[in-house]
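Written below as structure tokens is the structure these notes are about.
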Amino acid sequence: MENETVHALTLPMTSLSRSLPVDDDAILVAEANDGDREAFERLVERHQNRVFRLAGRFFRHREDVEEAAQDTFLTAWTKLGTYKAKAPFEHWLTRVCLNTCYMRLRREKPQERLPAEIGSEAGDPNARLDAERLLARLEPRDRFILQLLHGEGWSTTEIAAQLGWTVSNVKVRAFRARRRLRQLVEAG
Amino acid sequence: MNCRQARKLLTHSMGANAQARRHAASCGACSRFATRLKEIDRALVAPRSEISPPPGFARRVRSRLAPTEDLIGWAALRLLPATLAVVLLLSWLNLRGESVQNAAAENPTDAVVSWMLDLNVGDGS
């Protein structure tokens with residue numbers, strides 16, 4: 004206990020967050036809400052890996068992933084006042100990230116960026132390329148919902164909760180996405 | 005189970021439905037369909053890109069944060085033309101009202117007219 008106090012006191016204390024446990028997002032959020040950019044920068048540092056991983060689910064190119072991640076944090080900064088701390092901050096940030104990715108995908112046209120080649124993934128590279136090309140022919144909104152259902156393994160209820168959509172809306176979108184996928188696979 | 009039903013089930017389960025797979029085992033076209041779906045499922049599960057945040061990403065985000073204090077200033081600045089237009093309009097309406105009142109005040113009443121006419125008659129005589 005004494006050691007903890009000494010440790011806290013010896014840290015450079017430019018703000019309240021410096022003396023508090025590093026895993027306390029709530030403190031950083033409160034400080035960021037008061038306009039503390041340094042606190043927000045620390046929030047970015049703490050959550051950037053997760054946001055990049057999530058954005059990496061939807062975009063192939065580095066610049067797209069980076070832009071989506073950056074837009075996520077910039078949106079989070081401007082909307083931080085709407086975060087009510089009823090759920091963990093990272094859940095709220097996930098929602099912001101998913102909505103950001105969705106909006107970016109909606110601006111993309113299908114087949115806008117076909118994969119030229121597949122890297123070192125295991126399996127038959129031709130089969131994988133074929134699969135990627137089929138996915139690229141889907142409408143972005145259909146790919147988005149399939150990615151969440153099968154890529155993230157979320158249920159329709161979880162997707163609804165994360166995106167703020169109704170469960171029936173998610174089900175309808177999932178049904179349409181699967182029907183389009185079936186048509187594409189059948190068409191070859 | 006026919007091909008249509010099997011493919012619906014295969015799509016819903018991404019090729020994993022046992023009943024549909026049994027059908028696919030005896031149907032070449034549905035077997036190929038199931039194989040392609042499995043590959044699509046693998047593509048969905050694998051991340052499209054595994055990109056780590058570049059060094060200094062958080063600092064770069066920080067440098068692009070909208071200044072909250074200045075947001076109010078910006079809002080005020082953006083409202084400036086509208087505010088000026090309203091002020092000008094009100095001023096113009098005010099001036100117009102005054103000129104109408106002045107004009108009304110300058111209009112001679114019947115009594116003044118008759119007085120002037122009498123005076124003129126008197127002057128002329």
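Chains as they are written, first to last, in the numbering used here: chain G, 4 to 191; chain X, 5 to 129.
Beta carbons: idealized from backbone N, C-alpha and C, even for Gly.
Residue state for G/R60 is assigned as coil, using DSSP reduced to three classes. For X/L48, the chain G residues whose C-beta falls within less than 8 Å of its own C-beta are L138, L149, Q150, H153, G154, listed in chain order. In this structure, G/Q186 sits away from G/F61, with a CB-CB distance that is not shorter than 8 Å. Per the coordinates, the alpha-carbon of G/R182 lies some 15 Å from the alpha-carbon of X/A38. Here DSSP, grouped into helix, strand and coil, assigns G/Y86 to coil. Note on X/Q23: under 16 other CB atoms within 10 angstroms of its CB, so exposed under the neighbour-count rule. Between the beta-carbon of G/C100 and that of G/T75 there is about 4 Å, and that keeps the pair under the 8 Å contact cut. Note on G/D27: under 16 other CB atoms within 10 angstroms of its CB, so exposed under the neighbour-count rule.
Less than 8 Å divides the Cβ of G/Q73 from the Cβ of X/V65.
Burial is judged here by how many other beta carbons sit within 10 angstroms of a residue's own beta carbon; G/M106 has fewer than 16 and is exposed. At least one C-beta of chain X is nearer than 8 Å to the C-beta of G/Q51.
A buried status is given to G/W95, since no fewer than 16 other beta-carbon atoms sit within 10 Å of its beta-carbon. Residues are counted here when their Cβ sits less than 7 Å from a Cβ of chain X; for the stretch 76–94 of chain G these are F76, L77, W80, T81, given in chain order.
For secondary structure counted as the alpha helix (DSSP H) over 4 or more consecutive residues, the stretch 11–84 of chain X holds these complete runs in sequence order: 22–29, 32–49, 61–67. The beta-carbon of X/S35 is placed no less than 8 Å from the nearest beta-carbon of chain G. Nearest to X/K42 by alpha-carbon distance, out of G/N172, G/R131, G/E161, is G/R131. When DSSP states are grouped into helix, strand and coil, G/W95 belongs to the helix group. For G/A88 and G/L31, the gap between their C-alpha atoms comes out near 12 Å. About 15 Å separates the Cβ atoms of G/D145 and G/A190, ruling out a contact at the 8 Å cut-off. With respect to chain G, the C-beta atom of X/L69 has a partner C-beta closer than 8 Å. The residue among G/L83, G/T169, G/Q51 with its C-alpha nearest the C-alpha of G/A33 is G/L83. When only Cα atoms are considered, X/A86 and X/L94 end up about 12 Å apart. Counted as a single uninterrupted DSSP element, the alpha helix (DSSP H) harbouring G/W80 occupies residues 65–81.
Per DSSP, G/Q165 is one residue of the alpha helix (DSSP H) stretching across 159–166.
Spanning the alpha carbons of X/M5 and X/R36 requires a straight line of approximately 17 Å. Distance from the CA of X/V49 to the CA of G/H153, rounded to the nearest whole angstrom, comes to 6 Å.
The shortest CA-to-CA distance from G/N36 to any of G/Y86, G/Q51, G/N52 is the one to G/Y86. With its beta carbon at least 8 Å from every one in chain G, X/P59 lies outside the interface. The beta carbon of X/M5 does not come within 8 Å of any beta carbon belonging to chain G, so the residue lies off that interface. With contacts defined as CB atoms closer than 8 Å, X/A47 and G/E135 qualify as a contacting pair. A straight-line Cα-Cα distance of about 50 Å links G/S158 and X/L84. Residue contact check for X/S30 against chain G: no CB pair falls below 8 Å.
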